[in-house]
Amino acid sequence: MPERKFAVIGHPIGHTMSPFIHKRLFELAHEKGEYTILDISPDELPVKIKNLNELSGYNITIPNKQAIIPYLDRLDEKAALYGSVNTVKNGSECVGFTTDPNGFLKALEYANISFSGNIAIIGCGGAARTFLYEAALAGCNITLVARDIGKADSLAKEAVQKIPNANINTCLISDLNGEFDLLANATPVGMYPNTNHIPVSEKALAKCKNVFDAIYNPLETVLIQKAKANGSNAVGGMSMLVWQAVAAHEIWDNSTYHIDDINQLIEDSAKEMKKIFYK
Ligand code: NAP
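Printed below as a string of structure tokens:
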């Protein structure tokens with residue numbers, strides 16, 4: 024039987040952790056799958072979709088998460104809710120899924136962060152939408168925090184239209200104040216190579232019991248370091264990155280994994296990332 028082929032598509036797509044993580048997940052599940060990187064822009068999709076349809080499945084990263092949708096036969100419920108696809112399974116139909124929410128929820132679960140109470144979400148992009156919708160579905164009291172209040176208001180409005188009982192306030196980053204059970208950063212502030220920045224004031228951070236940072240490079244942002252120094256429970260984004268990949272293998276192959284193997288993969292992915300970026 025020819026080896027099944029998988030890929031991650033994005034543009035530009037230079038350094039990506041996806042081949043390292045997915046190859047290990049195939050090995051752990053005793054499944055065979057070749058996994059490659061394809062640089063494809065949204066403009067190229069009409070021509071390249073033929074090649075993508077020959078794969079058994081693929082992952083999608085920026086800027087194709089919305090652009091891929093018209094080329095699929097169907098979206099699963101969550102991908103339809105989010106209007107975003109990061110995983111496709113090809114078979115008799117080409118079906119789009121989003122595994123970012125699973126990745127986020129598993130990362131919180133294994134960091135012992137309970138997803139309830141007062142939650143502050145920083146940012147209004149793709150990751151913020153994931154955090155916002157999941158927080159709304161979990162019944163949290165949400166403060167959506169942004170540098171542009173118009174963008175926060177419009178994302179909050181969109182979420183309330185889709186999840187009518189969502190409880191969402193918006194505020195400017197500079198006005199953030201109050202006690203939070205969880206602060207979730209969904210901006211690139213503090214990401215490599217501009218690692219000295221934090222997205223909120225230290226005063227606001229000091230009032231947050233738990234902190235999650237979507238950024239995985241560096242493994243511990245200054246936000247995470249300062250939160251830990253305050254005595255808060257704080258975790259970076261590498262575990263989310265690995266768990267969203269695990270969810271893709273659950274979709275492709277119904278694979279199941281032992282938690283110890285996934286924890287080891289999170290550690291090994293951290294080492295691999297250091298090798299790539301901090302030689
Ligand atoms: P995105 O769609 O580009 O959104 C970025 C958001 O951050 C926007 O709302 C943007 O505001 C805001 N922002 C950018 N620079 C800012 C600044 N200096 N101050 C305040 N706000 C700022 O990006 P994304 O896909 O959501 O990704 C955000 C971060 O999450 C990235 O670091 C990414 O690597 C990480 N991420 C991690 C995972 C994981 O699995 N761990 C998954 C997804 C994303 P404007 O709209 O005003 O520009």
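Count along the sequence shown from 1, add 23, and you get the number used in my numbering. Heads up, the beta-carbon is just placed ideally off N, CA and C, and yes, glycines get one too.
Give me the Cβ distance between Ala103 and Thr59, rounded to the nearest whole Å; I'm assuming they're in contact under 8 Å. For a cut-off of 8 Å, the C-beta gap from Ala103 to Thr59 is around 28 Å, too long to register as a contact.
Roughly how many whole angstroms lie between the Cα atoms of Leu205 and Ile142? Cα to Cα, the separation comes out at about 5 Å.
Mind listing, in chain order, the continuous alpha helix (DSSP H) runs of no fewer than 4 residues lying wholly within the stretch 180-263? If you keep only unbroken alpha helix (DSSP H) runs of at least 4 residues inside the stretch 180-263, you get 225-228 and 245-252.
Tell me where the beta strand (DSSP E) around Phe29 begins and ends. Under the DSSP assignment, Phe29 falls in the beta strand (DSSP E) whose first and last residues are Lys28 to Gly33.
The beta strand (DSSP E) spanning Ala169 covers which residue range? Residues Asn164 to Ala169.
Nearest-angstrom Cβ-Cβ length linking Thr210 and Pro241, presumed shorter than 8 Å: With a Cβ gap of about 15 Å, Thr210 and Pro241 do not count as contacting.
On the DSSP bridge assignment, give the partners of Ala143 in chain order. In the DSSP output, where bridge partners are listed per residue, Ala143 has Thr166 and Leu206.
Three-state secondary structure assigned by DSSP to Val111: Val111: strand per DSSP, three-state reduction.
Please find out if some non-hydrogen atom of ligand 1 comes closer than 7 Å to the beta-carbon of Met214. The answer is yes for Met214.
Report the residue from Asn74, Glu77 and Pro69 whose alpha carbon sits nearest the alpha carbon of Ile92. Looking at the Cα atoms, Pro69 is the closest of the given residues.
Would you kindly work out how many angstroms separate the C-alpha atoms of Ala252 and Arg27, rounded to a whole number? Here the alpha carbon of Ala252 sits roughly 47 Å from the alpha carbon of Arg27.
For Ile72, which residues in the same chain have their Cβ closer than 7 Å to its Cβ, ignoring the five residues on either side in sequence? Shown here for Ile72: same chain residues with a beta carbon closer than 7 Å to its own, the five before and five after excluded, namely Tyr94 in chain order.
Starting from Leu51, trace the beta strand (DSSP E) both ways and give me its first and last residue. No beta strand (DSSP E) contains Leu51, which is instead part of the alpha helix (DSSP H) from Ser41 to Leu51.
According to DSSP, simplified to helix, strand and coil, what is Asn277? It is coil, neither helix nor strand.
If I'm right that Ile285 touches Val269 with Cβ under 8 Å, what's the distance once you round it to whole angstroms? With 8 Å as the limit, Ile285 and Val269 qualify as a contact, their Cβ atoms being about 6 Å apart.
Please state whether the Cβ-Cβ distance between Met40 and Ala130 is less than 8 Å. Between Met40 and Ala130, the CB-CB gap reaches or exceeds 8 Å.
Quick check on Ser107: buried or exposed, where buried means 16 or more other Cβ atoms within 10 Å of its Cβ? The Cβ neighbour count for Ser107, taken over all protein chains shown within 10 Å, is at least 16; the residue is labelled buried.
Would you check if the stretch 45-58 and the stretch 271-279 touch, i.e. whether three or more CB-CB distances between them fall below 8 Å? Segments in contact, yes.
Whole angstroms is fine: what's the gap from Tyr215's alpha carbon to Pro42's? Approximately 20 Å between the Cα atoms of the pair.
Every unbroken alpha helix (DSSP H) inside the stretch 58-125 [4 residues or more]: Entirely contained in the stretch 58-125, the alpha helix (DSSP H) runs reaching 4 residues are, in chain order, 68-76 and 100-105.
Buried or exposed: which applies to Phe300, given that a residue is buried once 16 or more other Cβ atoms fall within 10 Å of its Cβ? Phe300 should be labelled exposed.
Rounded separation between Phe235 and Arg97 - CA only: One Cα belongs to Phe235, the other to Arg97, and the distance between them is close to 32 Å.
Residue range of the alpha helix (DSSP H) that Asn3 falls in? The chain is shown only over 24 to 302; residue 3 falls outside these bounds and no answer can be derived.
Return helix, strand or coil for Ile136, following the three-state DSSP convention. The answer is coil: DSSP assigns Ile136 none of H, G, I, E or B.
Are the beta-carbon atoms of Asp123 and Gln267 separated by less than 8 Å? A contact, by the Cβ cut-off of 8 Å.
How many whole angstroms separate the CB atoms of Leu195 and Ala169, which I take to be in contact at a CB cut-off of 8 Å? With 8 Å as the limit, Leu195 and Ala169 qualify as a contact, their Cβ atoms being about 7 Å apart.
Beta-carbon spacing of Ile63, Ile44 below 8 Å: Result no, Cβ atoms of Ile63 and Ile44 do not sit closer than 8 Å.
Short of 6 Å in beta carbon distance, which residues of its chain neighbour Ala158, apart from the five on each side in sequence? Order them along the chain. Contacts found: Ile142 and Ile165.
Closer than 7 Å: Asp176 CB and nearest ligand 1 heavy atom: No; taking the cut-off as 7 Å, the Cβ of Asp176 has no heavy atom of ligand 1 nearer than that.
According to the Cβ coordinates, are Val111 and Ile83 closer than 8 Å? In this structure, Val111 lies near Ile83, with their beta-carbon atoms less than 8 Å apart.
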